[in-house]
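The listed protein sequences derive, respectively, from chains A and B. Take the first sequence: its letter number 192 is residue 181 in this note's numbering, and every next letter is one higher. Take the second sequence: its letter number 233 is residue 905 in this note's numbering, and every next letter is one higher. We treat Cβ as the ideally placed atom computed from N, Cα and C, and that holds for glycine. All values derive from a computational prediction rather than experimental measurement.
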Amino acid sequence: MITFLPEGIYCEAGNFYIDPWRPVDKALITHGHADHARRGMKHYLCHHYTKPILKSRIGVDIDVQSVGYNEVIRINGVKVSFHPAGHIIGSAQVRLEYKGRIVVVSGDYKVQDDGLSTPFEPVRCHEFVSESTFGLPIYNWLPVWDLNKQLQDWVLRNQTNGKTSVLIGYSLGKAQRIMKAVEGMGRLYVHYSIGKLNEAYESAGIDLPDYHTIDLREDVRYLDKGIVIVPPSLWDSNVVRKIPNQATAICSGWMQVRGARRWRSADAGFAISDHADWNGLLEAIKATEAEKVYVTHGQTSIFTRYLNEIGIPAEEVKTAFGNEEEDKTLLSHEVSPSHEQPEIN
Amino acid sequence: MKSFVRLVSALDITNKTTQKLEAIDRFLDEADEQDKLWLLALFTGKRPRRNIHSGLMRQWAIERSGISEWLFSESYSSVGDMSETIALILPQPRENIERSLSEWMDLIMGLKDKSEEEKKSFVLESWDGLPATERFIFNKLLGGSFRLGVSSKTLINALAKRYDLDANAVAHSIMGDWKMGEVTFEGLVNGNYSDTQLSKPYPFCLAYALDKLPENLGNIGEWQVEYKWDGIRGQFVKRKGEVFIWSRGEELVTAQFPEIRDELLRWRGDFVIDGEILVIKDDEVLNFSELQKRLNRKTLTKKMMEELPVRVFAYDLLEWEGEDWRGKAMDERRAKLEMLFQLNPSSHLRLSAIIPCLNWDELTALRENARDMRSEGLMLKHRQSPYHTGRKKGNWWKWKISPLTIDAVLIYARKGSGRRSAYYTDYTFAVKSEGKLVTIAKAYSGLTDKEIQEVSRFVNKNALEKFGPVRTVKPELVFEIAFEGIGFSTRHKSGVALRFPRIVRWRKDKTVDEIDDIEEIKKLIK
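This is the structure in structure tokens:
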């Protein structure tokens, strides 16, 4: 029912694409991260919560239609519904049903409940398209509560030592998780690219802690001893370095590995991720009972080999989603809040 | 072990000295005396021997986690460290074992006389009772190859500051020859087991690189000119019949150079000499790479001492018969140093030769040939200068020969682990050899972030083969590689080893046909 074309994942029966990376007429969008929701589509379809994100990131005048979770609509005879993917707010797995055959394109997902995103719901299907960002058995997340505790302890320690806690996390999803985790611990400042997305959360009725939006181009001495959240594109930039008495922490699944922690030379690293870990991926895939799995972005070849080894027929698929080989966020120090680089974590 | 784990993790991640000091301070607040003592023991290399082969640990981890061999290998190549791979790959712990560092160390040392079965059940039980970070450290402790992410200087400074002691005295106390079980932490740090005053070194006097024409230094007669050597700068302290050798990093290295120590023990007088440790064979100074072979060895064999005989070139005299001579003029100190050598006919120590020179032009020519002597260049010291503390501009200058450079082509690129796996940051370069290519050097630094991105894109497009994180790439990109020295080597396929290779720049103007040839490069070796 689906084919992988140079434009993106295509459903021929319905004549639409899912998360296409080239301009097309009709695009179904799993979630608002930039590598899945690109500009230039004539018509967008997404979950209600993703709509304000698309408008904020791509443009207010785009043509967007939105639906709720589990709501079935028909596109050229294909039954289409969006189901919670637990990745970030509004993130969805797109379920397609046509002539008794069911395909689920899951976008990015995680099975942990982060307390903000609608929790992941497994959907039974014949074919399942899965990401594999952390598809290696070394990636196993701690429970959300433990991770938040670690983060809180670290902030508390900084406060005791008179330091400013600077936390680095993606502006959509991660930043809001961090905000929730440190709620009530002190003055909270977020970079304005995060502030803009917070509005999308608030319009969905999600209560975020009180925060101040900052513009790092201004004098930032007043941030001293506060809690500051900035996006990864600003990591190690001159503007962030100006923040007084800082201790920095990176919040990312990659921080699970010591080499990655050391290489970034932050003062702390927390393996907090919005992607499924190794067991999360396996659990999700098994729950679909799919007879065929397409493995996209991440550890594609290793994860595919493993699935086949345990008896789940799988195939590697090349996509333009958060591909590590093309990851531009890693060393990029550019400040471009309106065109944020692909979210790959 | 929680405090210790927190310390290791903190030292590991941050590269800010203040954060490291804070972490050490926190550990000293939290840990008990035995754990603190173990920190010093591990830090100074007094760790128990490895009792379990790492291959066995790998095998047990594969069994326990129920994954295939190939998946373990893929994981390992992504993580880059065996202890860590094992720690991450095992299932979540089902229990929570709370033991102090010293309790763990006692158990680990107790493994020596245990059977393989007993060892295995101990390891499996421990793995099942520790979260990933603690498991990692447990594996490292088992492996007997533990490194803390802190320099001895930082640790010593932290201890000195906290207990209000002199840093060199602390260094002397903890670097000395003590054993677990025979000392207490407090006694050790306070120097109760040694006379720390006896070994006290002086801060080294350092020179600036000459930043003007030598003609501007005035009359050449006012300057003492010597060769600059590429060895280990050392301070040789002899007081009350005891000898201590300090390296410039303020580490006590006496035990690494027994022949020097023994000779100085026979010398008459109490003194402190500043000099350079070098390997000198048949009157010829050997490459630094030869000296390196002798450093930080657990045991120094007789064979090694014969094959790589170390000698000292003495530069200066800082103390004589208990009196601090650093304030006296260079001339005066040199005269006393020469007297000391007359008093003690010596085979292992020599005076650093003073180069007689009548004018700057002659000296400029001499510098050009300094490499022939295996020297790095020249030292210019004002004859009236005192022995300064640290680096001070004006009296001492180093006048190094320019580094050697070659043009080489990129042939392998390596990704790191985790997050950095997106970019190729470690490169291997090759030069021509009989119409083929031969590996000449690895270099890690020297490119900007933007260039790393550009190289990575090239690697992605032009990868020929894949070996885990390593790619062989089409030999096309040419880089200029600089290095400080070059020597013959049997360990390298090219037959040569470069010292401090680094990328100077990307030669986008050059093609692979223009890179250097190994035979030409060998001619640089003198």
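L1012(B), DSSP secondary structure in three states:
Locating residue 1012(B) in the second sequence gives position 340, counting from the first residue. If DSSP states are grouped into helix, strand and coil, L1012(B) belongs with the helices.
Let me check one thing: in DSSP terms, what residues is F916(B) bridge-paired to?
The residue labelled residue 916(B) in the question sits at position 244 within the second sequence. F916(B) pairs with V909(B).
What are the boundary residues of the alpha helix (DSSP H) that H1199(B) is part of?
Residue 1199(B) lies beyond the stretch modelled for chain B, which goes from 673 to 1198, so this question has no answer here.
Any beta carbon of chain B sitting closer than 8 Å to that of R250(A)?
Here residue 250(A) corresponds to residue number 261 of the first sequence, with the count starting at 1. Yes, because at least one Cβ of chain B sits closer than 8 Å to the Cβ of R250(A).
Establish whether the CB of R1091(B) and some CB of chain A are separated by less than 8 Å.
Numbered from 1 along the second sequence, position 419 holds the residue referred to as residue 1091(B). Here R1091(B) scores only 44 on pLDDT, less than 50, and its place in the model is too uncertain to base an answer on.
Other residues of its chain near V1176(B): CB distance less than 8 Å, five sequence neighbours each side excluded:
Numbered from 1 along the second sequence, position 504 holds the residue referred to as residue 1176(B). If we look at V1176(B) and ignore the five residues flanking it on each side, its Cβ neighbours are T1077, G1118, F1151, E1152, I1153 and A1154.
Name, in chain order, the residues that DSSP records as bridge partners for I949(B).
Translated into the one-based positions of the second sequence, residue 949(B) becomes position 277. In DSSP, I949(B) forms a bridge with I904(B) and V984(B).
Is DSSP giving L743(B) helix, strand or coil here?
On the second sequence, position 71 is the one that residue 743(B) refers to. Note: L743(B) maps to helix in three-state DSSP.
Quick one: Cα of D225(A) to Cα of W776(B), how far?
Position 236 of the first sequence, counting from 1, holds the residue named residue 225(A). Position 104 of the second sequence, counting from 1, holds the residue named residue 776(B). Rounded to the nearest angstrom, the two C-alpha atoms are 39 Å apart.
Chain B contacts made by the segment 238 to 272 of chain A, where a contact means CB separation under 8 Å:
S241, W243, M244, Q245, V246, R247, G248, A249, R250, R251, W252, R253, S254, A255, D256, A257 and G258
Could you tell me which of F960(B), R983(B) and E705(B) sits nearest to V855(B), measuring between CA atoms?
Counted from its first residue, the second sequence places residue 855(B) at position 183. The shortest C-alpha separation from V855(B) is found at E705(B).
Using only alpha-carbon positions, find the residue among T107(A), E86(A) and D135(A) that is nearest to E116(A).
Counting from one through the first sequence, the residue named residue 116(A) turns up at place 127. Closest by alpha carbon: E86(A).
Hey, is L700(B)'s beta-carbon within less than 8 Å of any beta-carbon in chain A?
In the second sequence, residue 700(B) corresponds to position 28, counting from 1. Judged by the 8 Å Cβ criterion, L700(B) is not in contact with chain A.
Going along the chain, which residues of its own chain have a beta-carbon closer than 6 Å to the beta-carbon of Q245(A), five neighbours each way excluded?
Against the first sequence, residue 245(A) aligns to sequence position 256. The residues are Y128 and A260.
Any idea what DSSP makes of I333(A), helix, strand or coil?
Locating residue 333(A) in the first sequence gives position 344, counting from the first residue. Here the model assigns I333(A) a pLDDT of 35, short of 50, so the residue's position is not dependable and the matter cannot be decided.
CB of S121(A) within 8 Å of CB of F292(A), strictly:
Taking the first residue of the first sequence as position 1, residue 121(A) is located at position 132. Taking the first residue of the first sequence as position 1, residue 292(A) is located at position 303. A contact, by the Cβ cut-off of 8 Å.
In terms of alpha-carbon separation, which member of K152(A), G175(A), T153(A) and I183(A) lies closest to Y159(A)?
As a first step, residue 159(A) must be located in the first sequence, where it is residue number 170. Among K152(A), G175(A), T153(A) and I183(A), the Cα nearest to that of Y159(A) is on I183(A).
Between the segment 1068 to 1086 of chain B and the segment 1041 to 1058 of chain B, do three or more beta carbon pairs fall short of 8 Å?
yes
Just curious, the beta strand (DSSP E) that A16(A) is in, first and last residue?
What you label residue 16(A) is simply residue 27 of the first sequence in a count that begins at 1. Where A16(A) is concerned, the enclosing beta strand (DSSP E) stretches over K15 to L17.
Check whether D97(A) and H201(A) have beta carbons under 8 Å apart
In the first sequence, counting from the first residue as 1, residue 97(A) sits at position 108. In the first sequence, counting from the first residue as 1, residue 201(A) sits at position 212. Against a cut-off of 8 Å, the Cβ pair of H201(A) and D97(A) comes out as no contact.
Buried or exposed for M663(B), please, with buried defined as at least 16 other CB atoms from any protein chain shown within 10 angstroms of its CB.
Residue 663(B) is absent from the structure shown; chain B starts at 673 and stops at 1198.
Please go through the same chain and pick out, in chain order, the residues whose beta-carbon is closer than 7 Å to the beta-carbon of G821(B), but skip the five residues on each side of it.
Within the second sequence, residue 821(B) is the residue found at index 149, counting from 1. Cβ neighbours of G821(B) beyond the five flanking positions: L683 and D684.
Please tell me whether L1015(B) and V944(B) are closer than 8 Å, where the distance is taken between their beta carbons.
What you label residue 1015(B) is simply residue 343 of the second sequence in a count that begins at 1. What you label residue 944(B) is simply residue 272 of the second sequence in a count that begins at 1. Cβ distance not < 8 Å, so L1015(B) and V944(B) don't count as in contact.
Should Q165(A) be labelled buried (16 or more other beta-carbon atoms within 10 Å of its own) or exposed?
Within the first sequence, the letter at position 176 stands for residue 165(A). Buried, because 16 or more other Cβ atoms sit within 10 Å of the Cβ of Q165(A).
Rounded to a whole number of angstroms, what is the C-alpha to C-alpha distance between I769(B) and G801(B)?
If you number the second sequence from 1, residue 769(B) lands on position 97. If you number the second sequence from 1, residue 801(B) lands on position 129. When rounded, the distance between both Cα atoms is 5 Å.
Is the beta carbon of A1115(B) within less than 7 Å of some heavy atom of the ligand MN?
No copy of the ligand MN occurs in the structure displayed, which carries no ligand at all.
Counting along the chain, where does the beta strand (DSSP E) carrying V171(A) start and finish?
In the first sequence, residue 171(A) corresponds to position 182, counting from 1. Per DSSP, V171(A) belongs to no beta strand (DSSP E) and is neither H nor E.
Distance check for I51(A) and K185(A), CA to CA, integer angstroms please.
Position 196 of the first sequence, counted from the start, is the residue given in the question as residue 185(A). Position 62 of the first sequence, counted from the start, is the residue given in the question as residue 51(A). One C-alpha to the other measures close to 18 Å.
Under a Cβ-count criterion, where at least 16 other Cβ atoms within 10 Å of its own Cβ denotes burial, should E788(B) be classed as buried or exposed?
For the purposes of this step, residue 788(B) is taken as residue 116 along the second sequence, with counting starting at 1. It counts as exposed.
List the residues of chain B that A236(A) touches, going by C-beta distances under 9 Å, in chain order.
Walking along the first sequence from the start, residue 236(A) turns up at place 247. Near A236(A) (Cβ distances below 9 Å), the residues of chain B are T686, K688 and Q691.
Determine, using beta-carbon pairs with one atom in the segment 715 to 731 of chain B and one in the segment 692 to 706 of chain B, whether at least three such pairs fall under 8 Å.
no
DSSP state of T926(B), grouped into three classes?
Along the second sequence, one-based indexing puts residue 926(B) at 254. Three-state result, T926(B): helix.
If you draw a straight line from the alpha carbon of L773(B) to that of T149(A), how long is it in whole angstroms?
Counting from 1 along the second sequence, the entry for residue 773(B) is found at position 101. Counting from 1 along the first sequence, the entry for residue 149(A) is found at position 160. If I take the Cα positions, the gap works out to 26 Å.
Which class does A248(A) belong to by DSSP, given the choice of helix, strand or coil?
Against the first sequence, residue 248(A) aligns to sequence position 259. Looking at the sequence shown, residue 248(A) is not Ala but Gly. Note: G248(A) maps to helix in three-state DSSP.
Beta carbon proximity, Q731(B) to chain A, threshold 8 Å:
The residue labelled residue 731(B) in the question sits at position 59 within the second sequence. Closer than 8 Å: no.
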